[in-house]
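S.K.:
In my numbering, the protein residues as written are 53 to 442.
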């Protein structure tokens, strides 16, 4: 009994010390206009009428989708257990285009995918995968080439490796930006201090050329780091050529902190503040989120709505959520672009856990479910690819 009391006392002292340290680092708290904090729930239900179509079913944890140019209307879909699947003519083809060896548990595996901007001529695409290297698991970005008939793919090479991996916080989202560069979202691999270390690729948004080189105009010389202070991002998209929306997962017990997933508005070289600031705290040289939630959502993929089918959504950020099982729409203030003008909930408790969110070439929004990842209810149709329209 005495040893138990000593242990409890030590935990209380550690928690108090961590809290005091955090308070000493934070400079203040943002205004309610600059940082919207949802202390109870996620927000009001959206009022814009929408329709949801099931495009494909029978998937297993579809983590990323890459639409391909061409008359066939093809898309490649990654399944976290290690398979790349082909969607052709609105039908999911049986079998796998490629099956990758993995060294992963928990949140690792075959994650993000992106097609090369010149895919129509080179047929190259990129995968974010947890694999074995030098006797340990690590995340890396690989480049593959799709066969002319689209039914198989060949590994070409690793373009970015040595990204730390852990059971949780592996990041994984890939997107090509309007500048033709490849952006890679990574997690802190359960080592928060790596997020502030420019020399580590963990806890960052990285930016590299299609060949994996560091662009000369990156904000940190000779580093692929584009943003620092990330905990575990799975969603980002561009408002314009120089401004991004980035979602991030909040803490799940580190230094006695919980919840507070984030929606941020950022530019090159910004620091999202993890692990130093939390919720709506402010600190010199750190970005305070525009929107955060007391309870854990947490956010999956994110996309700016650029279609015309739902004009009320145009320019809004759409975010899939996992635990809270809804699609979140965020509208920003036209005059104060970091401020949230309105946010609302769609598909609440309708389709379960939502992972990737992206715009399709047909101008519609596409969403994948993640109900077969061990944290949801995996029904007979397994996971789905959904299309959201008027």
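Beta carbons are placed, not taken as given, at the ideal position from N, Cα and C, and that holds for glycine.
1. Output yes or no for whether 9 Å exceeds the beta carbon distance between residue 108 and residue 142.
2. On the DSSP bridge assignment, give the partners of residue 130 in chain order.
3. From 173, 197, 292 and 213, pick the residue whose C-alpha is nearest to that of residue 229; which is it?
4. Is it right to say residue 263 is buried, meaning 16 or more other beta carbons lie within 10 angstroms of its own, or is it exposed?
5. With distances taken Cα to Cα, identify the nearest neighbour of residue 341 among 79, 417 and 87.
6. Taking Cβ positions, are residue 216 and residue 277 nearer each other than 9 Å?
7. From 365, 338 and 133, pick the residue whose C-alpha is nearest to that of residue 394; which is it?
8. What three-state label does DSSP hand residue 292 in the structure shown?
9. What did DSSP end up calling residue 172 once you bin it into helix, strand or coil?
10. What does the alpha-carbon distance come out to for the pair residue 118 and residue 173?
11. Quickly, what does DSSP pair residue 105 with across the bridge? List them, please.
12. Considering only C-alpha positions, which residue in the set 398, 359, 135 and 257 is nearest to residue 284?
13. Just the C-alpha distance for residue 183 and residue 131, rounded to the nearest angstrom, thanks.
14. Quick check: what's the CA-CA separation for residue 178 versus residue 233?
15. Can you list, in chain order, the stretches of the beta strand (DSSP E) that have 3 or more residues and sit fully within the region 367 to 398?
16. Give every residue of the same chain whose Cβ lies closer than 6 Å to the Cβ of residue 156, excluding the five residues on either side of it in the sequence, and list them in chain order.
17. Quick one: grab the DSSP three-state call for residue 194.
18. Do you know whose CA, among 414, 198, 148 and 329, lies nearest residue 171's CA?
19. Does the region 381 to 396 touch the region 418 to 427, meaning 3 or more C-beta pairs lie closer than 8 Å?
20. Beta-carbon separation of residue 270 and residue 298 under 9 Å?
21. Would you mind sorting residue 38 into buried or exposed? The rule is 16 or more other CB atoms within 10 Å of its CB.
22. Look up residue 233 in the DSSP assignment and say whether it is helix, strand or coil.
23. Decide if residue 413 is buried, meaning its Cβ has at least 16 other Cβ atoms within 10 Å, or exposed.
24. Near residue 435, which residues of its chain fall below 7 Å by C-beta distance, leaving aside the five closest residues on each side in sequence?
25. State the DSSP-derived secondary structure class of residue 335, mapped to helix, strand or coil.
26. Would you mind working out which of 175, 152 and 121 sits nearest residue 136, comparing C-alpha positions?
27. Taking the straight line between their C-alpha atoms, what separation do you get for residue 76 and residue 344?
28. Among 94, 80 and 323, which one has its Cα closest to the Cα of residue 379?
29. Output the boundary residues of the beta strand (DSSP E) element that contains residue 346.
30. First and last residue of the beta strand (DSSP E) that includes residue 257?
31. Could you tell me the alpha carbon to alpha carbon distance between residue 73 and residue 81, rounded to whole angstroms?
32. I'd like the list of long-range same chain contacts for residue 437, defined as Cβ closer than 6 Å, with 5 residues on each side in sequence excluded.
33. Quick check: what's the CA-CA separation for residue 185 versus residue 402?
34. So, with DSSP's three-state summary, where would you put residue 75?
35. So residue 180 and residue 236 are in contact, right, with Cβ under 8 Å, and what is the actual spacing, rounded?
36. Between which two residues does the beta strand (DSSP E) harbouring residue 216 extend?
M.R.: The relevant details are as follows:
1. yes
2. 116 and 136
3. 292
4. exposed
5. 87
6. no
7. 365
8. strand
9. helix
10. 16 Å
11. 439
12. 257
13. 15 Å
14. 12 Å
15. 369 to 373, 379 to 384 and 392 to 398
16. 182
17. strand
18. 198
19. no
20. no
21. Here the chain comprises residues numbered 53 to 442, so residue 38 is not present and cannot be evaluated.
22. coil
23. exposed
24. 111, 112, 113, 114, 420, 421, 422, 423 and 424
25. coil
26. 152
27. At residue 76, the pLDDT of 46 sits below 50, so the modelled position is not reliable; the number obtained from the coordinates is stated separately. In a straight line, the C-alpha of residue 76 is about 22 Å away from that of residue 344.
28. 94
29. It is not in any beta strand (DSSP E) - residue 346 carries neither H nor E in the DSSP assignment.
30. 257 to 260
31. For residue 73, the predicted model reports a pLDDT of 49, less than 50, meaning its position is unreliable and no value from the coordinates is stated.
32. 107, 108 and 420
33. 40 Å
34. Any reading at residue 75 must be qualified, since the residue scores a pLDDT of 45, below 50, and its modelled position is unreliable; the value itself is stated next. Helix, per DSSP.
35. 7 Å
36. 205 to 216
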